[in-house]
Amino acid sequence: MLRKNRKTGRLKIADWRVSSLLFLLLLTGLAACNGRESAWPRIQQEGVLRVGLDPTYPPFEVDTGGELSGLDVDLAQAMGADLGLDVAFSYFGYDGLYDALATEQVDVLLSALVIDPARREDFAYSEPYFNAGQILIVRQGETAVTSMTDLANRTLAVELGAQSHVEALEWSRKLAGLTVQPYTTPEEALTAVLQGEADAALVDGINGRLFLRDNPGLTYTANPVTVEPYALVVRIEDSELLDHLNDSLARLQSSGELDAIIAKWLGE
Amino acid sequence: MTRPAYKSGLRLFTLALILTFLRPAPLLVTPGPPQTVVTQHPILGTHTRLTDEVEEWKIKRSLELVREMGAPWIVEFFPWAYYAAEDGSYAWGHPDMVVAHAAAQGLQVVARLGLTPEWARPPDTPLTYLDESAYDDFAAYAAAFADRYRGRVSAVIVGNEPNLSYEWGYRPTSPADYVALLKEVYTAVKAANPDMQVLAGALAPTLEPEGSPWGLNDLAYLQGMYDAGAAGYFDGLAVHAYGLTFPPEAEPGPDILNFRRVELVRQVMVDNSDADKDIYITETGWNDHPRWTLAVRPAQRIQYTLDALQYAETHWPFVKMVAIWAFRFPAPQKSYMDYYTLVTPEFVKKPIYEALQEYAQEK
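Quick look at the structure:
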């Protein structure tokens, strides 16, 4: 179909249109060839959203004596209610979650999973619903430290060997006089701030918020230091389901219900 | 008016020429002058992952960091499937690069050999599938490797975790079949380079019983190897010794997987009158993934790793090397595997690296 103009050697515009159309048809055909149908019509028909999770990660999901609870569990229930669906949970090991989704044992994963760009060929992620990245925690009323750049000539507490420790060491190469003080646990690092041994602590968003929930003398700065976004995961062909999940998340966000669920498990 | 076609072509040629000269020259990386590993603990090693590392400067930088950490040993994977063609020729470019840089840094190399090329296995079989029809081909590769890297590679490991079905081409594991392979490889390697140490294994710690589709208990498998006549066909035994959630001093037991399971492996060797051979721990370590059920806290990981090295040095004179899995991956794995490493893909040293470096210099 691609003919060259014998005089100019250039392809005719009309021919390009035809070839572009063919290319699009080819892409559509390839997409259809994966042999899978969208899960959304079946979910609507059955009225059940099948959610996969690994119930060993409190406070996001944990099974205590047969009773499942956690932030992700509440979020799934809230989204189910918003979409007019019942929610059926299935348990998998952490390393088996994506396989369970790929083999259509569940419709969606909601299990504190971080968006992984390398998996985007086979899976699609929702908008993030929580950032578990590193946060900077200071004493209530602290005004001199509002970000990492304010930590020159100050002491920063971290959990020994944790990702926050690596991050802090990187900052110490850029900030003059920043002392990185490691502690055995995140709780000890945060206690050091509470007791005035350190000016701030850098910890992950989960441990940090859990500690703050029970220790009102501390607070965290406005902007997270790193980003580790948790999202729902669906199979790549389930774009219709993903649209509905994203719409539902947006409604829960604007109604304040998402923040209420997060606050329930991690504090305000 | 139509522009003559040759003028357009000339412009394109000129542009390409300019771009060629504007492009920066490729980075020249050389092994550099010979270095020496300074360490008080020559047992320390680490399993590098340079097989899929493309850029030479990253290979060099990785091995520099290993030396600077004070580890005189590396374990590295040299897949048969990557380098060997059916006509018997080999593409040695990448392994040459890795071995040259390791030698320049003063590192001893233990080479893990494995993965079967497509031409040497039946259709639709995985890379880990190797049956007796290709044992001689694999032995030829191992011999060529041993000959080529004479004096620069200390030992070769024949395969990897053959007591796991996954590593045995998704077939039932068979100590007798593995020993048949070991015999061919050992004979060929020794003929090519008598100084090359041939290591059997590396056995994976597992409790799988006889008949399990997943694998076979490492202790039973090793006994099966001796029953099949393995003793005369390996110089040392490679073992994987993961601590999982246990501290390194935790008592071993036949139904427990922990660091000191090495002692049970050793007992099988002693029971088979093979106590003179060394054990090489080619993978060990603890994991500090925040949610993997077999992980520990980061501080525990550091302490357990240091304690494990000290324990091995103090109590296990039969252990030649303890290699920590894994030094660094070329790219993030986005799984719990990232939490085994000592250095990030961007070459940021983790605190465990610094702790090991400090340990290596302490008497």
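Chains as they are written, first to last, in this note's numbering: chain A, 1 to 268; chain B, 269 to 631.
Even glycine gets a Cβ: it sits at the ideal position worked out from N, Cα and C.
Predicted model only: the values in this text are computed from it and were never measured.
Across the set B:K545, B:K617, B:T582, B:Y510, the C-alpha of B:Y510 shows the shortest separation from the C-alpha of I592 (chain B). In this structure, the beta-carbon distance from T226 (chain A) to V138 (chain A) does not fall below 8 Å. Under the 8 Å criterion on CB atoms, P619 (chain B) is classed as interfacial with respect to chain A. Note on geometry: alpha-carbon atoms of A284 (chain B) and L290 (chain B) lie some 10 Å from one another. Under a criterion of Cβ atoms nearer than 7 Å, the residues of chain A adjacent to W560 (chain B) are, in order, Y94. F502 (chain B) is positioned such that its CB atom lies closer than 8 Å to that of A468 (chain B). Close partners of D556 (chain B) in chain A (Cβ separation under 8 Å): G161, A162. Residue-level contact by beta carbon holds for R569 (chain B) and chain A, with a gap shorter than 8 Å. Around the beta carbon of R279 (chain B), fewer than 16 other beta carbons lie within 10 angstroms, which makes this residue exposed.
Going by beta carbons, P299 (chain B) and A349 (chain B) fall outside the 8 Å limit. The C-beta distance from E61 (chain A) to P55 (chain A) rounds to 5 Å, short enough to meet the 8 Å contact threshold. Scanning the region 526-607 of chain B for uninterrupted beta strand (DSSP E) segments of 3 residues or longer gives 546-553, 587-593, listed from N- to C-terminal end.
As summarised for the region 413-477 of chain B, the continuous beta strand (DSSP E) elements at least 3 residues long and confined to that stretch are 423-426, 465-471, given in chain order. Chain B has no Cβ within less than 8 Å of the Cβ of Y230 (chain A). Short of 7 Å from the beta carbon of L178 (chain A), and not among the five residues preceding or following it, lie these beta carbons of its own chain, in chain order: L151, A152, R154, L156, W171, S172. Within chain A, not a single residue places a beta-carbon under 8 Å from that of R439 (chain B); the smallest gap is close to 22 Å. One finds D116, A118 in chain A with Cβ atoms closer than 7 Å to the Cβ of K602 (chain B), taken in chain order.
Shown here for M337 (chain B): same chain residues with a beta carbon closer than 7 Å to its own, the five before and five after excluded, namely Y621, L624, Q625, A628 in chain order. Here V234 (chain A) is near D107 (chain A), since their CB atoms are less than 8 Å apart.
Contact note: T191 (chain A) does not reach chain B at a C-beta cutoff of 7 Å; the least C-beta distance is about 15 Å. Residue-level contact check: E104 (chain A) does not touch chain B, since none of the beta carbons of chain B fall below 8 Å from its beta carbon. With fewer than 16 other beta carbons inside 10 angstroms of its own, F615 (chain B) counts as exposed. Residue burial is scored here from C-beta neighbours: N223 (chain A) has fewer than 16 other C-beta atoms within 10 angstroms and is therefore classed as exposed. At a cut-off of 8 Å, the C-beta of P473 (chain B) has no neighbouring C-beta in chain A. With respect to the 8 Å criterion, D72 (chain A) and K264 (chain A) are not classified as neighbours on the basis of their beta carbons. Taking 3 residues as the shortest admissible run, the region 104-163 of chain A contains the following complete beta strand (DSSP E) segments, listed from N- to C-terminal end: 108-114, 123-125, 134-139, 155-159. Under the Cβ distance rule, Y57 (chain A) counts among the residues neighbouring chain B, one pair being separated by less than 8 Å. E429 (chain B) and E476 (chain B) have their alpha carbons spaced roughly 13 Å apart.
Secondary structure of Q195 (chain A) (DSSP, three-state): coil.
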